[in-house]
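**Student:** Questions regarding the structure given below will be posed in turn.
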Amino acid sequence: MTQFRHDFEAAPASASGDGNGKSSSLKTEHFPDADSRYPPDSHERSATAVLAPDTTAGDESPDGHKRSSPLGKRSPRRRRILLGVLGVGVLAVGMFGLRWWNYASTHEQTDNAFVGGHIHPVSSRVNGTVASVLVQDNQQVQQGQVLVKLDPRDFQNQVQQARAALAEAQQQAQTARSQVTQAAQTTQGTTTQAQGNISSATAAIANAEAAVQEAQAGVPAAQAGVTQAQANLQRAEADFNRYSTLLQQGAITAQQFETARNTYQVALAQRNSAQDQVRQAQARVTQAQQDVARAQAQLTTSQGGLQQAQAGQSQTQATRNQYQAALAAVRKAQAQLNNAQLQLSYTTIAAPITGTVGNKNVEAGQRIQPGTPLMAVVDGRSWVVANFKETQLEDMQPGDPVQIKLDAFPNHPFQGYVESLSPASGSQFALLPPDNATGNFTKVVQRIPVRVRLDPQSIRGYETRIAPGMSATVTVSVK
Numbered sequence: 102m103t104q105f106r107h108d109f110e111a112a113p114a115s116a117s118g119d120g121n122g123k124s125s126s127l128k129t130e131h132f133p134d135a136d137s138r139y140p141p142d143s144h145e146r147s148a149t150a151v152l153a154p155d156t157t158a159g160d161e162s163p164d165g166h167k168r169s170s171p172l173g174k175r176s177p178r179r180r181r182i183l184l185g186v187l188g189v190g191v192l193a194v195g196m197f198g199l200r201w202w203n204y205a206s207t208h209e210q211t212d213n214a215f216v217g218g219h220i221h222p223v224s225s226r227v228n229g230t231v232a233s234v235l236v237q238d239n240q241q242v243q244q245g246q247v248l249v250k251l252d253p254r255d256f257q258n259q260v261q262q263a264r265a266a267l268a269e270a271q272q273q274a275q276t277a278r279s280q281v282t283q284a285a286q287t288t289q290g291t292t293t294q295a296q297g298n299i300s301s302a303t304a305a306i307a308n309a310e311a312a313v314q315e316a317q318a319g320v321p322a323a324q325a326g327v328t329q330a331q332a333n334l335q336r337a338e339a340d341f342n343r344y345s346t347l348l349q350q351g352a353i354t355a356q357q358f359e360t361a362r363n364t365y366q367v368a369l370a371q372r373n374s375a376q377d378q379v380r381q382a383q384a385r386v387t388q389a390q391q392d393v394a395r396a397q398a399q400l401t402t403s404q405g406g407l408q409q410a411q412a413g414q415s416q417t418q419a420t421r422n423q424y425q426a427a428l429a430a431v432r433k434a435q436a437q438l439n440n441a442q443l444q445l446s447y448t449t450i451a452a453p454i455t456g457t458v459g460n461k462n463v464e465a466g467q468r469i470q471p472g473t474p475l476m477a478v479v480d481g482r483s484w485v486v487a488n489f490k491e492t493q494l495e496d497m498q499p500g501d502p503v504q505i506k507l508d509a510f511p512n513h514p515f516q517g518y519v520e521s522l523s524p525a526s527g528s529q530f531a532l533l534p535p536d537n538a539t540g541n542f543t544k545v546v547q548r549i550p551v552r553v554r555l556d557p558q559s560i561r562g563y564e565t566r567i568a569p570g571m572s573a574t575v576t577v578s579v580k
C-alpha cells in the first residue's frame with residue numbers, strides 16, 4: 102500500500118511540472134479520497150521530493166513535446182485489479198448469503214432445549230426401620246436388584262397370625278361340610294321313607310275303598326236272599342200248621358206231616374242263613390270302612406313325616422348356608438394371609454428399572470413411612486425437549502431429521518428426528534395458565550415443546566453420559 106501511495110503521489114508532482122493540471126484531475130476523478138485515507142508520512146514525502154525532478158524531466162522530449170507518464174499506463178491496470186478483487190468479494194459474499202439463506206429457510210434452530218429422561222422415584226410402601234442400604238449414589242443397577250431392606254420381623258409375625266387364622270377357618274369349614282353331608286343324607290332318607298309311606302297309604306286307601314264298594318254291593322243281594330227265605334219260611338210254616346191240623350183230623354198220613362215239618366225246618370234254616378249272610382255283608386262293609394279309615398290315618402301320618410322331612414331339608418339348607426359362611430371365612434383368611442405376605446415382600450425394596458441411582462437420602466436405622474422418597478433411579482433412555490417458537494413450526498412435522506448439540510459435548514453433534522409436537526404451549530400446562538380474557542393481554546410469542554428422539558447409533562458410547570436436564574441446541578431440517 103505504501104508503494105501504491107508513493108506512485109500515486111509521484112504522478113501529480115510531474116503533472117504539476119508542465120503546468121497543465123491534468124494529473125491533478127486524474128487523481129481527483131479516480132481516487133478522490135486517496136490523500137484523506139492514506140496521508141503520506143515523512144518517509145513518503147521525502148521520496149516524493151527526490152523523485153519529482155526525475156519525473157518532471159522525463160515528461161518532456163528534447164523537441165519540447167510531452168511524453169506519456171508511466172502512471173498513466175499503470176493506473177487502468179490497477180483499477181482492473183481492484184475491480185476484480187471487489188467483484189470476487191461481492192461474489193463470495195453473495196454465494197455465502199445465498200447459502201445462508203438456503204440453510205436458514207430449510208432449518209429451524211433453538212437453544213431452549215434440554216435432555217429429558219425417565220426418573221423413577223424409589224419409596225417405601227410400608228412403614229418400618231431400614232435394616233440395610235445396598236447401593237450408593239451414581240451406581241448402576243439392574244431391574245429387580247435389591248436397593249434397601251427393612252426390618253421384616255413385625256411383618257413375619259403378621260404372616261404367622263394370618264396362617265393360623267386360615268388354618269382355623271379351614272377346620273371350621275371342614276366341620277360345616279361334614280354337617281351338611283350328614284344332614285343331607287338324613288333328610289334324603291327321611292324324605293324317601295315319608296314318600297314311600299304316603300304311596301303305601303294311598304294304595305291302601307284305594308284298596309279299602311274298593312273293598313267297601315264290594316261289601317256294600319253284597320248287602321242288597323244278602324237282603325234279597327233273606328226276603329226270599331222269609332217268604333219260603335212263611336209258606337212252609339203255613340203248610341206245617343195246616344198239615345198239623347189235618348193230621349189231627351186224620352186227613353193226611355204221618356209221612357205227609359213229616360214232609361211238611363221238614364220243609365218248614367229247611368225254610369227256617371235258610372232264612373237264618375240268609376240273615377247271617379246279611380250280617381256278614383254288613384260286617385264286611387264295616388271292616389272295609391275301617392280299613393279305609395286306617396289307610397287315611399296312615400296317609401296323614403306319612404304326610405306328617407314328609408313335612409318333617411321337608412323341615413329337615415330347610416335345616417339342611419341352613420347347614421349349607423353355614424358351610425358357605427365358613428368358606429367365605431376361609432377366603433377372607435386367605436386374603437389376609439396374602440396381604441400379610443405382600444406387606445412382608447414390601448420390606449425388600451428393589452429397583453423398578455435398569456438405570457443409575459441418584460439422590461439417595463436413606464441410611465440404615467432410619468425410620469421411614471410409606472411414600473418417603475429414598476432415592477431415584479434414572480433410566481438410560483433419554484430424549485430431547487426443544488421449545489420452539491410458534492412461528493418456527495409452520496413446516497415442522499414428525500419425522501423431520503434433527504441435529505442436536507449438547508453443551509456437555511460441544512464437539513460431538515448427535516442425530517435424531519422429531520417424534521411429536523406438544524398439543525399445547527408450555528404456558529397452558531402451567532399451574533396457573535394465563536387468562537387472556539381478563540383484559541390484561543400482552544401478545545407474546547409462545548413456545549411449543551417438541552419431543553426429539555435420539556438416534557441410538559448416534560449416541561452409542563454416550564448412553565450413560567447423557568443425563569436428563571443437560572442443555573442442548575437443536576436444529577431441525579424442515580424441508
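For the sequence shown, the tail end lands on 580 under the working numbering, and the numbers increase by one without skipping. For every residue, glycine included, the Cβ atom is placed at its ideal position computed from N, Cα and C.
(1) Which full runs of the beta strand (DSSP E) of 3+ residues lie inside the segment 417–461, going along the chain?
(2) Could you check the C-alpha separation between Thr-288 and Thr-417 for me, to the nearest Å?
(3) Would you give the residue range spanned by the beta strand (DSSP E) that Thr-576 belongs to?
(4) Bridge partners of Arg-468, per DSSP?
(5) Measure the C-alpha to C-alpha separation of Asn-239 and Gly-195 and round it to an integer number of angstroms.
(6) Alpha carbon to alpha carbon, how far is Val-247 from Asn-460?
(7) Do Ala-309 and Ala-370 come within 7 Å of each other at the CB atom, strictly closer than that value?
(8) Give the DSSP-derived three-state secondary structure of Gln-237 in the structure shown.
(9) Distance, Cα to Cα, Val-379 vs Gln-335?
(10) Does the structure place the segment 570–579 close enough to the segment 204–218 that three or more beta carbon pairs sit under 8 Å?
(11) Restricting to runs no shorter than 4 residues, where is the alpha helix (DSSP H) found entirely within the segment 195–220?
(12) Compute the Euclidean distance between the alpha carbons of Gln-275 and Thr-291, then round it to the nearest angstrom.
(13) Does the beta-carbon of Phe-515 have 16 or more other beta-carbons within 10 angstroms, so that it is buried, or is it exposed?
(14) Measure the Cβ-Cβ separation of Ala-434 and Gly-245 and say whether it is below 7 Å.
(15) Compare the C-alpha of Ala-232 against each of Glu-491, Ala-465, Ser-523 and name the closest.
(16) Who are the Cβ neighbours of Thr-473 in its own chain at under 7 Å, not counting the five residues just before and after it?
(17) Keeping to the same chain, check which residues put their C-beta closer than 8 Å to that of Asp-556; ignore five residues upstream and five downstream.
(18) Helix, strand or coil, according to DSSP, for Ile-182 in the structure here?
(19) Any idea if Leu-192 is buried or exposed, counting beta-carbon neighbours within 10 angstroms, 16 or more meaning buried?
(20) With a Cβ-Cβ cutoff of 7 Å, do Ser-528 and Ile-549 count as a contact?
(21) For Val-463, which three-state DSSP category applies?
(22) Count the other C-beta atoms from every protein chain shown that fall within 10 angstroms of the C-beta of Glu-209, then say buried if there are 16 or more, exposed otherwise.
(23) How far does the beta strand (DSSP E) with Gln-504 in it reach, from first residue to last?
(24) How far does the beta strand (DSSP E) with Val-486 in it extend, from its first residue to its last?
(25) Beta-carbon separation of Ala-337 and Thr-354 under 7 Å?
(26) Would you please state the rounded distance, in angstroms, between the beta carbons of Val-463 and Arg-552? I believe it to be under 8 Å.
(27) Tell me the residue span of the beta strand (DSSP E) that contains Gln-516.
(28) Is it buried or exposed for Arg-343, if we count other Cβ within 10 angstroms and need 16 for buried?
(29) Looking only at its own chain, which residues have a Cβ that is under 8 Å from the Cβ of Ala-266, when we skip the five neighbours before and after it?
(30) So, with DSSP's three-state summary, where would you put Ile-299?
(31) Per the DSSP calculation, Ser-526 is bridged to which residue(s)?
(32) Please report the residue range of the beta strand (DSSP E) in which Arg-552 lies.
(33) Just to confirm before moving on: does the CB-CB distance between Thr-448 and Pro-222 stay below 7 Å?
(34) Going by beta carbon distance, what residues of the same chain come within less than 6 Å of Ala-430, once the five residues before and after it are set aside?
(35) So, are the CB atoms of Ala-295 and Ser-403 less than 7 Å apart?
(36) Would a C-beta distance cut-off of 7 Å place Gln-399 and Ala-302 closer than the cut-off?
**Tutor:** Judging by the given coordinates:
(1) 449–451, 456–459
(2) 7 Å
(3) 572–578
(4) Thr-230
(5) 52 Å
(6) 17 Å
(7) no
(8) coil
(9) 19 Å
(10) yes
(11) none
(12) 24 Å
(13) buried
(14) no
(15) Ala-465
(16) Ser-224, Ser-225
(17) Phe-515, Gln-516, Gly-517, Tyr-518
(18) helix
(19) exposed
(20) no
(21) coil
(22) buried
(23) 502–507
(24) 474–490
(25) no
(26) Actually they are not in contact, since the Cβ atoms of Val-463 and Arg-552 sit about 33 Å apart, beyond 8 Å.
(27) 510–522
(28) exposed
(29) Ala-434, Gln-437, Leu-438
(30) helix
(31) In the DSSP output, where bridge partners are listed per residue, Ser-526 has none listed.
(32) 548–555
(33) no
(34) Ala-270
(35) yes
(36) yes
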